[in-house]
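K.L.:
Using this note's numbering, you'd call the opening residue of the sequence shown number 721 and step up by one each time.
Questions regarding the structure given below will be posed in turn.
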Amino acid sequence: MTFNHIALEQKEQMPIAFTALSKRNFFMKEQICTFTLKQGYTPLNPFQAFGYFLNDTVDRNIIRRANNTLVGIAAELWIFGEVSDGVLAEIKQAKEQRKPIKYFKIIESKTFQQIPKEEVVMEDDVSMHRKLL
Numbered sequence: 721m722t723f724n725h726i727a728l729e730q731k732e733q734m735p736i737a738f739t740a741l742s743k744r745n746f747f748m749k750e751q752i753c754t755f756t757l758k759q760g761y762t763p764l765n766p767f768q769a770f771g772y773f774l775n776d777t778v779d780r781n782i783i784r785r786a787n788n789t790l791v792g793i794a795a796e797l798w799i800f801g802e803v804s805d806g807v808l809a810e811i812k813q814a815k816e817q818r819k820p821i822k823y824f825k826i827i828e829s830k831t832f833q834q835i836p837k838e839e840v841v842m843e844d845d846v847s848m849h850r851k852l853l
């Protein structure tokens, strides 16, 4: 007996984009994943994978390690909205791994526009590290 399923017909692989965003934009995680899929990429979204630190049911450093692993797996890093300290750490890791980085401005709840790094907004506590972008 042969097993068939429509998913098995979808053989073309999609590149993976790690979709980084500040906790301030947590509520945008589904819209960001939708946008990423429509661009032809598979989204790896930390808030979809772990929520917000799995409600502290696991040591936060374990989640940070897992998050770093996901950044390492991704082909590209995509930044959505303001850069926080956690997002800046992901940028630093991606640069060390020589991954392409794209920055997106959140215009409306479903509209994203790619912008140059010079236009990226930094959260106050990391604004002094703009040179790391």
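No residue lacks a Cβ here, since even glycine has one placed at the ideal position from N, Cα and C.
Do you know how far the Cα of W798 is from the Cα of G760?
P.N.:
13 Å
K.L.:
Hey, how far is the Cα of E816 from the Cα of N775?
P.N.:
Cα-Cα distance, rounded: 30 Å.
K.L.:
What residue range does the beta strand (DSSP E) around K825 cover?
P.N.:
821 to 828
K.L.:
Out of A740, T739, M748, E729, which one is the CA nearest neighbour of T831?
P.N.:
M748
K.L.:
If you draw a straight line from the C-alpha of V841 to the C-alpha of G801, how long is it?
P.N.:
7 Å
K.L.:
Taking the alpha-carbon positions, what's the Y772 to S829 distance?
P.N.:
20 Å
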